[in-house]
Amino acid sequence: MPELPEVETVARGLNQRVRGDRIIQAWFGKRPQTFKTPRARQAKGLAGLTILAVHRTGKHIVFELGAEAHLASEPAQNDATAAAAQWIVHLGMTGRLLVTAPDCPLAPHTHARLDLASGREVRFVDPRRFGRLEFRDLRNSSAAFEAPGAEPLTIGAREFAGLFRNRRLPIKAALLNQTLLAGVGNIYADESLFQAGIRPRRRTNRLTAAELERLRLALREILTYAIRLGGSSVSDYVDANGEKGFFQLEHCVYQRTGEPCRRCQTPIRRIELVGRGTHYCPICQR
DNA sequence: CATTTCACCTGGTGGC
DNA sequence: TGCCACCAGGTGAAAT
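Just so you know, we're using my numbering here: the first sequence kicks off at -3 and counts up by one.
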């Protein structure tokens, strides 16, 4: 399931491959749930725009789009002031965003295709349809997209502690709440709690300052390392080039129920928390 | 308001 | 081999 490292990997791949390209026209499927902006408005809005840059915010992929053609090397990354519009893609559980040749066979559950001036296509494929596509025309008073929560890679110690100090919910539930931190999902919540030695059910307001700081650093380290390995390919995740990631080989607890802890050999335990499978080591995490 | 539960989806899995 | 119940989980709406 795409979380911050997977979404970052996809966004980087897209930025490398389609930055500077121009959208000739766009096609959209008929499943209404996929479209946060009505499909007709997306198709009309995207046609003719140039891709200035592609980047990640939280779990969202943002295409910065310009009304005029720019040199691919010219626009600064994240230069929202130059952007006339944005195309915002959330991959949900099973979403894929791929750059393909036009004669590449159309995968089942393809919900969107962008025809590019270079002759290639950007395709959005999503069997389970938890993904979302949104178009924002910044020329029409729409605000630029902002993720609701803080960025786990750059948040400071004081702000991080402030997010959790006055809450009573389990720390794992807090990590999954995108309005607090943006980008952490089930895999990296479990992995970072293991690394920090904290049990998932612990109430956030009962965590010590030292524990919160361990958690902040664990998140940063794990997310950074996972990005370097191209993310975790559990389920059917692949990047914009169709390549799998390798961080799943590094998992210490996620989907390792009953297997020995890599640190102390105790069998990894699985519980259900806020409706999610949750994995931890009963010895290493307190 | 804070927190918890549930519906939305389909492919893969395991039991018989 | 085939059938089917069941499960995975990101998000937002509804319930508590």
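In this text, a Cβ means the ideal position worked out from N, Cα and C, and glycines have one as well.
Of all the beta strand (DSSP E) runs that stay within the bounds of the segment 16 to 44, which reach a length of 3 or more residues?
19 to 24
Please classify arginine 195: does DSSP put it in a helix, a strand, or coil?
For this step, residue 195 is matched to residue 199 along the first sequence. If DSSP states are grouped into helix, strand and coil, arginine 195 belongs with coil.
By the three-class DSSP mapping on this structure, what secondary structure does valine 230 have?
Numbered from its first residue, the first sequence carries residue 230 at position 234. Looking at valine 230 - three-state DSSP - the assignment turns out to be coil, as it is neither helix nor strand.
Residue closest to valine 118, alpha-carbon to alpha-carbon, out of Gly9, Tyr250, Gln261, Phe242
Against the first sequence, residue 118 aligns to sequence position 122. Taking only the C-alpha atoms, the option nearest valine 118 is Gly9.
Quick one: what's got a C-beta closer than 6 Å to leucine 279's C-beta in the same chain, skipping five residues either side?
The count along the first sequence starts at 1 and reaches residue 279 at position 283. Checking the displayed sequence, the identity of residue 279 turns out to be isoleucine instead of leucine. Around isoleucine 279: Cys260, Thr262.
Which two residues bound the contiguous beta strand (DSSP E) that contains glutamate 60?
Locating residue 60 in the first sequence gives position 64, counting from the first residue. Residues 56 to 62.
Per DSSP, cross-strand counterpart(s) of glycine 273:
For the purposes of this step, residue 273 is taken as the residue at position 277 of the first sequence. BP columns for glycine 273 point to Glu268.
Rounding to the nearest angstrom, what Cα-Cα distance links alanine 68 and glycine 273 in this structure?
On the first sequence, residue 68 is found 72 positions in, with the first residue counted as 1. On the first sequence, residue 273 is found 277 positions in, with the first residue counted as 1. Reliability fails at alanine 68, whose pLDDT of 49 lies under 50, so the model's placement of it is uncertain and no value is given.
Evaluate the contact criterion for the segment 202 to 210 versus the segment 16 to 25: three or more CB pairs, one atom per stretch, below 8 Å.
no
Since alanine 81 is in the beta strand (DSSP E), which residue starts that stretch and which ends it?
Taking the first residue of the first sequence as position 1, residue 81 is located at position 85. Looking at the DSSP string, the run of the beta strand (DSSP E) that includes alanine 81 is 81 to 86.
Which residues share a DSSP beta bridge with isoleucine 47?
Looking up residue 47 in the first sequence gives position 51. Answer is Leu61, bridged to isoleucine 47.
Does the distance from the C-beta atom of aspartate 333 to that of alanine 78 stay below 8 Å?
What is shown of the chain runs -3 to 282, which leaves residue 333 out entirely.
Are the Cβ atoms of leucine 177 and glutamine 38 separated by less than 8 Å?
To locate residue 177, count along the first sequence from 1; it is residue 181. To locate residue 38, count along the first sequence from 1; it is residue 42. For leucine 177 and glutamine 38, no; Cβs fall outside 8 Å.
Are the beta-carbon atoms of glutamate 64 and isoleucine 223 separated by less than 8 Å?
Counted from its first residue, the first sequence places residue 64 at position 68. Counted from its first residue, the first sequence places residue 223 at position 227. Going by C-beta atoms, glutamate 64 is not nearer than 8 Å to isoleucine 223.
Check whether the segment 233 to 243 touches the segment 91 to 101, counting contact only when three or more Cβ pairs, one atom from each stretch, lie closer than 8 Å.
yes
Glutamate 155: which of Glu209, Ile47, Ala140, Leu0 sits nearest, CA to CA?
Counted from its first residue, the first sequence places residue 155 at position 159. Closest option to glutamate 155, Cα to Cα, is Glu209.
Contacts around glutamate 187, its chain only, beta-carbon distance under 7 Å, and the 5 residues preceding and following it disregarded:
The residue given as residue 187 occupies position 191 in the first sequence. Here the set comprises Ile218, His247, Cys248, Val249, Tyr250.
What are the boundary residues of the alpha helix (DSSP H) that arginine 13 is part of?
As a working note, residue 13 is residue 17 in the first sequence. Looking at the DSSP string, the run of the alpha helix (DSSP H) that includes arginine 13 is 0 to 14.
Could you give the distance in angstroms between the alpha-carbon of valine 270 and the alpha-carbon of asparagine 182?
Indexing the first sequence from 1 puts residue 270 at position 274. Indexing the first sequence from 1 puts residue 182 at position 186. About 11 Å.
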